[in-house]
Each structure stands twice: as C-alpha cells, then as structure tokens.
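Each position in the sequence shown, counted from 1, maps to that position plus 52 in my numbering.
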Amino acid sequence: MGKSDKAERAKERREKRLQEISLLRTIPYSDHQRWWSAETVAVVTGGNRGIGFEISRQLAAQGVTVILTSRDHSVGLEAAKVFQEGGLNVFFHQLDVLDTLSINEFCDWLKQNYGGLDILINNAAVNFNQGSDNSVEYASQVITTNYYGIKNMIQAMIPLMKHSAPGGRIVNVSSRLGRINGKRNKLEDANLREKLSNIDTLTEEMIDQTVSTFLQQVQEGTWESGGWPKTFTDYSVSKLAVNTYTRLMARIFSERPEGEKIYINCYCPGWVKTAMTGYAGNISAEDGADTAVWLALLPDQAVTGKFFAERREISF
C-alpha cells in the first residue's frame, strides 16, 4: 500500500469517526447523567474565537454557566454578547494567562461573583508556523504561553475549585504533535523519553528543565541537532510539556480526599480550521471542540491523567 493509499484510508477513518461523533452530539444527556446545572461554572481561556469560542458555545448549550476569557477586552466582550443574544449564559472577563496581576484580578472577581469554578478549559495558545514552516523565531513566546500559561491557570484555579461529589474538571487543549512516544515527531533522546514517561518519578522540575534546555539550544542555534520533534518544533515541545504536566497533576490530584477531587485530562482537537492553522485545517471548530466538552461533562468522571482525540483515549 502506497503513501497516498494510506493517507486516503486514514482520511476515511477520520471522517467516519467524526460522523459518529456528530451523531452522538445529537443524543441528549439523560437527567441522571447531568451532574451539572446553571450553577455549574466553567472557565474557558482564549474563548473569543476558534476552538475556545466553540467550546464555550457547546458548554453553555448544555446549561453550564460559562466565563469566557480573552486578553483583548473588546473582542472578548463582543464574543460573549453574541452568546447572550442567543440566550446562553456566557459572561466575559479579561484575562492574560501570563500576567500575574491579571490572573489575581480574575481570581478575585470569580470568587466574589461565582464562589469559584467547577470546570477549567485551558485553551489559550499560540503557534507561529503554518504549512511546512518550522521557524523557532518565537519559541520563547510559544513555550511561555502554551505551557507556562496553563501552569499559571491550574495553580491559580486549584484553590477556587468548588468541592463536590462529581469533582472538579480540568481539560487541557493539546496536540498529538506533543506525544512523547509517537511514531513520528517524537523526542529522539530515549533517556529523556523514559524520564518523562515514568509517572512515578516525574517532577515539575524535569518538565521545566526540558523546555529550558530546548529554549537554550534555540538561543545558541543548536536546536536542530538536539533531537527535538521535527514538525512545528517549538509548538510540539510546548504541547509535549502540557501532556506531561497533565499526567503529573493527575497523580498529585489523586491524593486529594473524596469531595475535593479534581480530574484532569488533555486532548488533541485535530487540525482545525481556525486562525491558528490559517484556516487550512480539515476539521471544523465544532468537531474540534467536541472532545473537550465531552471530557468536561463526563457523568462518571473516574478518568484522569489521560490523553484523548475524537472521544477515544490515545497514548502519550
């Protein structure tokens, strides 16, 4: 079977799965499955456009109260207004996930107005490469936003997660490009792969050191011989860090007592037709958002520390 045949088969499988998911979306949750209500609060970062906008819409359509955040005040306000005109409970607050003052202000506002949150969707991210480009000119900004921005939000939101029997939910929007052991685009350093894969010995310092080493090599101009992922290198490294951090936090959260549990997972939305891909993707924003919403609303959320795509678990 040639490459074109394999690609065609893969395309057919993906389209079939997306059709199945579209059908599943039409099936309403039954009353006994719905652990949430209008009092349930979801925070969606980068919710003013693309996947974040669609995640906000789908969550609100299920009856969840959504706090849409965006760095740009006017754009975020306009996005929330679109939802409100459609009768959805979506509200806006400005938030820069890299600005400590902005995060603190948001935390104070969230606590004062809603008493905290139940669901966190970490969607805010950047990517400066399109097509076959693989420039690392903006590597520092990509790593800082995509990895450290998510870390900032998780650490800030933990104390505000409401205690409940269903538990708090965190979903990190990630990418297959960041898989540690993927067949393609993986880290070439077998020892580093093993260190990052061992959940028992994994630490935050290890993940931070990995991205720091990458950024140092970018600065020195030696990154191409460093064994890093070959496709969209800076973006891939940032998402590898997100995936690994998700597993680490799942282990830490598992030690929380009943009633205070937080379940955290990550997922790949696919190559979505959004501004980030130059609208060259092969998946709609609606389909790209689906797995995030599905994970956030899982009726029986014993699932944590996993990686998903199209509502199916995939390997890290």
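Note that beta-carbon positions come from the ideal geometry of N, C-alpha and C, so glycine has one too.
Note down the Cα distance separating G340 from A177, rounded to an integer number of angstroms. One Cα belongs to G340, the other to A177, and the distance between them is close to 15 Å.
First and last residue of the uninterrupted alpha helix (DSSP H) at R231: Segment: none, R231 is in no alpha helix (DSSP H) and carries neither H nor E.
In angstroms, rounded to a whole number, what distance separates the CA positions of K68 and I103? K68 and I103: Cα-Cα distance of roughly 21 Å.
Do A112 and S122 count as a contact pair if the criterion is CB distance below 8 Å? By the CB criterion at 8 Å, S122 and A112 fall outside the cutoff.
I'd like to know whether the C-beta atoms of I195 and D286 end up nearer to each other than 8 Å. A contact, by the Cβ cut-off of 8 Å.
Report, in whole angstroms, the separation of the C-beta atoms of N233 and F368, which I expect to be a contact under 8 Å. The C-beta distance from N233 to F368 rounds to 7 Å, short enough to meet the 8 Å contact threshold.
Could you tell me which residues DSSP pairs with A361 in its beta bridges? Answer is R364, bridged to A361.
Beta-bridge partners of N317, as assigned by DSSP: V223.
Tell me where the beta strand (DSSP E) around A94 begins and ends. Boundaries of the beta strand (DSSP E) harbouring A94: V93 to V96, taken from the DSSP string.
Check for me: the beta strand (DSSP E) holding L172 runs from which residue to which? Per DSSP, L172 belongs to the beta strand (DSSP E) from I171 to N174.
Under 8 Å, do S89 and G99 count as touching if we go by C-beta distance? S89 is not a Cβ neighbour of G99, given a cutoff of 8 Å.
Cβ separation of R245 and L239, assumed to be a contact under 8 Å, to the nearest whole Å: About 5 Å separates the beta carbons of R245 and L239, which is inside the 8 Å limit, making them a contact pair.
Alpha carbon to alpha carbon, how far is D124 from F144? For the pair D124 and F144, the Cα-to-Cα distance works out to about 11 Å.
Out of V188, S227, N237 and N141, which one is the CA nearest neighbour of Y319? The shortest C-alpha separation from Y319 is found at S227.
CA nearest to the CA of V263, picked from L292, G273 and N250: By alpha-carbon distance to V263, the top candidate from L292, G273 and N250 is L292.
Per the contact definition of three or more C-beta pairs closer than 8 Å, is the region 184 to 193 in contact with the region 209 to 221? With the cut-off at 8 Å, the region 209 to 221 and the region 184 to 193 do not touch.
Closest by C-alpha distance to R364, when choosing among K63, I73 and H84: For the residues K63, I73 and H84, the minimum Cα distance to R364 belongs to I73.
Applying the criterion that 16 or more other CB atoms from any shown protein chain within 10 Å of the CB defines a buried residue, is L147 buried or exposed? Buried, because 16 or more other Cβ atoms sit within 10 Å of the Cβ of L147.
Between A191 and chain D, is any beta-carbon pair separated by less than 8 Å? Absent from the structure: chain D. Only one protein chain is present.
So is K313 buried or exposed if we call it buried at 16+ other beta carbons inside 10 Å? Residue environment for K313: buried (at least 16 other C-beta atoms within 10 angstroms of its C-beta).
If you reduce the DSSP assignment to three classes, tell me which class H84 lands in. In this structure, DSSP gives H84 a state outside helix and strand, which the three-state scheme calls coil.
Quick one: what's got a C-beta closer than 7 Å to G279's C-beta in the same chain, skipping five residues either side? Contacts found: L239, E240 and D241.
Straight-line CA distance for I304 to V270? So the alpha carbons of these two residues sit roughly 32 Å apart.
For M301, which option in G220, K282, V95 and W87 has the closest C-alpha, if you only look at C-alpha atoms? Out of G220, K282, V95 and W87, G220 has the C-alpha closest to the C-alpha of M301.
Look at L169 and A94 and say whether their C-beta atoms are less than 8 Å apart. Between L169 and A94, the gap from beta carbon to beta carbon is short of 8 Å.
CA nearest to the CA of Y315, picked from A337, T343 and L347: Cα-wise, what sits closest to Y315 is L347.
Would N175 pass as a contact of V96 if the rule is Cβ separation under 8 Å? Yes. Within cutoff.
Determine the DSSP secondary structure at V118, reduced to helix, strand or coil. DSSP, reduced to helix, strand and coil, places V118 within a strand of the structure shown.
Quick check: the Cα distance between R308 and I251, rounded to an integer number of angstroms? A direct Cα-to-Cα measurement between R308 and I251 gives close to 17 Å.
In the DSSP assignment, find the beta strand (DSSP E) that holds H215 and state where it starts and stops. DSSP places H215 outside any beta strand (DSSP E), giving it a letter other than H or E.
Would N181 pass as a contact of F105 if the rule is Cβ separation under 8 Å? Result no, Cβ atoms of N181 and F105 do not sit closer than 8 Å.
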